[in-house]
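In my numbering, the protein residues as written are -1 to 522.
From the three backbone atoms N, C-alpha and C, an ideal C-beta is built for every residue, glycine too.
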Amino acid sequence: MPKWFKPRPPNYLKDGGNRKPLIILRNDQYKIEDNKLILKGLGKFKRLEIQFKGRIHLKGRQGRLEITYDEVKRKWYAHISFTVEEKLTRKGWVKIPRQPLGNLSAGIDLGVNNLMAVYVENGESFLVNGRPLKSIGFYFQKKVADYQSKLNKSGAKTSRKLRKLYERAKLQARHYINTAVRQTVERLYHLGVSRIIVGYPKGISRNSNKGKKQNFLLSHIWRFNYVIKRFIEVAEEHGILVEVVDEAFTSKLCPVCGRPHEGARFTRGLFKCPATGLIFNADLVGAFNILKKVVKTITPNLGGLYAQGRGNGPETGPSGGTETGDGSRWMRARKPPRPLKPRPSRRGGGQEEITVKPFSRELSKEFLRRGFEEVGMEVEEELIERAVELLDGIPGWLVEFGYNYLETKSFERAMENVILKAERFLEGELRELERRSGRYLLILKAIAMGFDRWELIKDYVEVRSGKIANSRLANLLRNLEKMGWIRKDNTTKRYEIIDPIVMRVLRNVKARKEEIGRNHQWFT
């Protein structure tokens, strides 16, 4: 008789056609005392006391008890359903469900390298690293393949050891997902989120033909159904509602101009809008657009969208802008935008860094003009001209100036605040640049002092740090151009520093050495 034709009576589980041991007891047939499970009404046994490992971390009305046997681990497990009223946490017993601390909404885009990209309605954003999940999957894929080849040589198809490998892979992956989901929900709870919008990647693994590695990622590593299930369960404890929406077209829509762009994801992890030239983290763009499917009136926070870089390196973690509260499209980024973090090339060689290009003079003026119009403030054209002249089209400084002018109503005070904040910010960036190579700073210092031709730069660097090969100097200059620090005028063959505030910081670096600290040796 074929398998599908065999009768399948209820009340017991099937495992490969074999019956799995299962004992079911009503809630009046057992009770828990300390670390003992007391079973009653078991025929001739009448009463049976079983000591168990672990502890009960839930309080509430108990449901039925299911006792099962795990053939892989060779252990018995008791499963109890609860109508939960209290839960044990590090701070003690907490009533469940909790009450949300606010009424904000958050959008979440699920992925592989970034397991979750989270964008909150108030402009906060952060990323959750998914690479450990990939590591678990590929590690056990290799272990299973090696052991499977040994089994095949012996003529066996399966074994208990092989089943244990599969079980360990599943448990480790679920542990990472459970930890990531709980930490994410707790962070959102403390940010005042009461509703989470999760994008569902409908049909992504169906009929996929993207190569062996990508198919394995989609089918065995990216457990998005389990992630969504855990989100619903954990969010319910915190009184947060979870909505699942179709994420179709969310990766193509620019959050600033509002138009879809084919091929906007021009490199892994980055989204570039052809209309504005702005570069964002692609996963955060997806999270923003998922949120916008439900919250129609949301305005993008530029700092929250591109402050993370690609976000899938070792420093992936919470960061981003905060809301200013004025409702303006471009003034919602309190922090100046950070240049995107460099990543070494996989083929070896130098480093690649992608930055937001400065606006043209006309685009800078239009950017400020429209920003002030959106908040209903009339500003003289002369003031906009002066701001653009001093800030030279750098988007982050234009945003900061607009916010400060809105608060102070004074050009001088607003510009002073921008320059002070920019100087503090750039000092940190220059220290990071010096950490990579001290000669980067020597080159920038030379250009700032007027030594802006090849031979003058080389002379200055050699006087300060010793002989340098032409190929090495060319590579350093090329990297600085790629990172957006300098540009070369091909007509005059001169180099210039793009950001005027960088020029100011470099010229005044000696005067500010003591303020920065003795531990930071800027120049030899």
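- Around the beta carbon of ARG221, a 10 Å sphere encloses 16 or more other beta carbons of the protein chains shown; the residue is thus reported as buried.
- When rounded, the separation of the alpha-carbon atoms in ASN477 and LEU471 is 10 Å.
- Here DSSP, grouped into helix, strand and coil, assigns PHE365 to helix.
- Each residue's CA atom was taken as its position, placing GLN49 and ASP68 some 18 Å apart.
- Here TYR117 is not near GLY109, since their CB atoms are 8 Å or more apart.
- Residue state for GLY400 is assigned as helix, using DSSP reduced to three classes.
- Contact between LEU396 and LEU366 holds, since their C-beta atoms are separated by about 6 Å, short of 8 Å.
- Along the length of the segment 424 to 457, whole alpha helix (DSSP H) runs at least 4 residues long occupy 436 to 446, reported in chain order.
- Approximately 7 Å separates the beta-carbon atoms of LEU289 and GLU119; this is inside 8 Å, confirming the contact.
- When only Cα atoms are considered, SER123 and LEU388 end up about 30 Å apart.
- The segment 406 to 420 makes no contact with the segment 432 to 449, as fewer than three CB pairs between them are under 8 Å.
- In the DSSP assignment, ARG492 forms a beta bridge with ASP487.
- By DSSP's assignment, HIS77 forms a beta bridge with GLU64.
- Annotation for ILE296: no beta strand (DSSP E) segment contains it, and DSSP assigns it neither H nor E.
- LEU131 places its beta carbon less than 8 Å from that of TYR174.
- Under the criterion of beta carbons closer than 8 Å, ASN299 and GLY121 qualify as touching, at roughly 3 Å.
- For THR490, the closest C-alpha among the options ASP450, ILE455 and GLY482 is that of ASP450.
- ALA285 is positioned such that its CB atom lies no closer than 8 Å to that of CYS271.
- In the three-state DSSP reduction, LEU163 falls in the helix class (H, G or I).
- Shortest Cα-Cα distance from GLU234 to any of THR274, ARG180, ASN287 and LYS250 involves ARG180.
- In terms of Cβ geometry, GLY61 and ILE36 do not form a close pair [threshold 8 Å].
- Per DSSP, ILE194 is one residue of the beta strand (DSSP E) stretching across 191 to 198.
- For the pair LYS85 and GLY237, the Cα-to-Cα distance works out to about 14 Å.
- When DSSP states are grouped into helix, strand and coil, LEU99 belongs to the coil group.
- Secondary structure within the segment 230 to 303: the alpha helix (DSSP H) runs of 4 or more consecutive residues, fully enclosed, are 280 to 290 (chain order).
- With a threshold of 16 other beta carbon atoms within 10 Å, SER469 falls short and is exposed.
- By the Cβ neighbour-count rule, PHE43 is exposed, with fewer than 16 other Cβ atoms within 10 Å of its own.
- In this chain, ASN25 is not harboured by any alpha helix (DSSP H), its DSSP state being neither H nor E.
- In the three-state DSSP reduction, ASN150 falls in the helix class (H, G or I).
- CA-CA distance, LEU23 to GLU64, rounds to 7 Å.
- Around the Cβ of LEU113, a 10 Å sphere holds 16 or more other Cβ atoms; the residue is buried.
- In this structure, DSSP gives ALA171 a helical state, which the three-state scheme calls helix.
- With 16 or more other CB atoms across the displayed protein chains lying within 10 angstroms of its CB, SER103 is buried.
- Comparing alpha carbon positions, the residue from GLU410, GLU379, PHE399 and PHE136 closest to ALA420 is PHE399.
- The residue among PHE269, VAL292 and ASP281 with its C-alpha nearest the C-alpha of ASP244 is VAL292.
- When rounded, the separation of the alpha-carbon atoms in ARG359 and GLU231 is 52 Å.
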